[in-house]
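Undergrad: Please find one structure pasted underneath; my questions will follow.
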Amino acid sequence: MPSRRTVVRLVATAAVGVAGVGLPLAHAQAEPGPSGPPQTVQRLQAAGLASTIKLDNCSASLVRFSTSKDTDKAMMLTNGHCYEGGMPSAGEVLVDQPSSRDGELLDDSGATIGSVTAESVMYATMTGTDVSLYRLSDTYADIAADSGAKALTISSSKPADQSSISIPSSYWSKTYSCGVNGFVGELREGEWTWKDSIRYRFPDDGCQTIHGTSGSPIVDDTSLEVVGVNNTGNDDGEMCTENNPCEVGEDGETTATKGQSYGQQTYWFTTCLTADNALDLSKDGCLLTKPGA
619 MPSRRTVVRL
629 VATAAVGVAG
639 VGLPLAHAQA
649 EPGPSGPPQT
659 VQRLQAAGLA
669 STIKLDNCSA
679 SLVRFSTSKD
689 TDKAMMLTNG
699 HCYEGGMPSA
709 GEVLVDQPSS
719 RDGELLDDSG
729 ATIGSVTAES
739 VMYATMTGTD
749 VSLYRLSDTY
759 ADIAADSGAK
769 ALTISSSKPA
779 DQSSISIPSS
789 YWSKTYSCGV
799 NGFVGELREG
809 EWTWKDSIRY
819 RFPDDGCQTI
829 HGTSGSPIVD
839 DTSLEVVGVN
849 NTGNDDGEMC
859 TENNPCEVGE
869 DGETTATKGQ
879 SYGQQTYWFT
889 TCLTADNALD
899 LSKDGCLLTK
909 PGA
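First residue of the sequence shown? That's 619 in the numbering used here, and the numbers climb one at a time after it.
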């Protein structure tokens, strides 16, 4: 399924808590993970690997809201299809579920400087968007004291069309860089549909992301804030199949471009924030998909 991208571990976890959702073969046979010491990072633009988190099957990042306090429990951002319980089925939304997910916290060079452990999944879905947001067991202050890492800030606004972006993948210790090339009102892949997806500039080798880059933050090169999360791309030129997302026009016509990659916007989280930085899906103007929607 979403091809930017989960890797081997989901074979074991796909059946946990997600009845009837099998793991596509393309994920089970994704590229083997990196081995040995961290490789030299390809830093092409402003954003590097600092504050990214390497999961066993995906990329992730240490994030905060602009209103977060140092004493708040920290958060980790990745894709919904990277959820350790398996890919949520169409229409499924997970809220405040217990979790003990852990990952390696990286510095700018891609070296491990610590570890983080989740205590809950605040929100996860693959319907309307493809995101998982975890609450970690340590505060931002604790993490900074132990590792020196400072969280990336989730922007409260939509990314600008044609803006320059970087996509640092902790899984591969590599940063992709290109630009936003408009937005897709409806992006479809297999049983899943996403709204207002970020389209990367193409053909442009800078953001032709691969398996394992799923969950990487999309960082605006000017503000250095997180404006999205990398999630999929068309592998084979097929139309609307797993690993081959298609764009659906207002007239229902579908188009697909082999090699074209996409991400999902993250300012949606800020439309659902409460005064204490919790998520309230019933809040007026909240853009996140609601359970039962």
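Glycine included, C-beta positions come from ideal geometry on N, C-alpha and C.
Would you mind sorting Ala767 into buried or exposed? The rule is 16 or more other CB atoms within 10 Å of its CB.
TA: Buried: at least 16 other Cβ atoms inside 10 Å.
Undergrad: May I have a chain-ordered list of the beta strand (DSSP E) segments no shorter than 3 residues that lie completely inside the segment 860–905?
TA: DSSP runs (the beta strand (DSSP E)) wholly in the segment 860–905: 864–866, 879–883.
Undergrad: Using CA atoms only, rank isn't needed, just tell me which of Asp720, Asp725, Met693 is closest to Ala668.
TA: The candidate whose alpha carbon is nearest that of Ala668 is Asp725.
Undergrad: In the DSSP assignment, what are the bridge partners of Cys796?
TA: For Cys796, which the question treats as bridged, DSSP gives the partners Ile783.
Undergrad: Where do the ends of the alpha helix (DSSP H) carrying Tyr789 lie?
TA: Counting along the chain, Tyr789 falls outside any alpha helix (DSSP H), and DSSP gives it neither H nor E.
Undergrad: Spatial neighbours of Thr743 within its chain, please: C-beta separation below 6 Å, excluding the five flanking residues on both sides.
TA: For Thr743, where only same-chain residues beyond five positions count, the Cβ hits under 6 Å are Gly698, Pro706, Val711, Thr907.
Undergrad: With three or more beta-carbon pairs closer than 8 Å as the criterion, would you say the segment 717–734 touches the segment 672–686?
TA: With the cut-off at 8 Å, the segment 717–734 and the segment 672–686 touch.
Undergrad: To the nearest angstrom, how far is it from the Cα of Gly808 to the Cα of Asp764?
TA: In a straight line, the C-alpha of Gly808 is about 42 Å away from that of Asp764.
Undergrad: Under three-state DSSP, which class holds Gly704?
TA: Of the three classes helix, strand and coil, the one that applies to Gly704 here is coil, per DSSP.
Undergrad: If the criterion is Cβ atoms closer than 9 Å, does the pair Glu865 and Thr859 meet it?
TA: No, Cβ-Cβ distance for Glu865 and Thr859 is not below 9 Å.
Undergrad: For Gly721, does the three-state DSSP call read helix, strand or coil?
TA: Looking at Gly721 - three-state DSSP - the assignment turns out to be strand.
Undergrad: Specify whether the segment 748–760 and the segment 776–795 touch according to this definition: at least 3 beta carbon pairs, one from each stretch, less than 8 Å apart.
TA: Verdict: no, contact absent.
Undergrad: Compare the Cα-Cα distances from Pro821 to each of Gly721, Ser727, Gly877 and report the closest residue.
TA: Considering only alpha carbons, the answer is Gly877.
Undergrad: If distances are taken between C-alpha atoms only, which option among Gly728, Ala665, Met857 comes closest to Arg806?
TA: Out of Gly728, Ala665, Met857, Met857 has the C-alpha closest to the C-alpha of Arg806.
Undergrad: Cβ atoms of Ser832 and Asn849: under 9 Å apart, would you say?
TA: Yes, these two residues count as a Cβ contact at 9 Å.
Undergrad: Quick check: what's the CA-CA separation for Thr875 versus Lys691?
TA: Thr875 and Lys691: Cα-Cα distance of roughly 41 Å.
Undergrad: Please state whether the Cβ-Cβ distance between Val798 and Ser781 is less than 9 Å.
TA: Taking 9 Å as the Cβ cut-off, Val798 and Ser781 qualify as a contacting pair.
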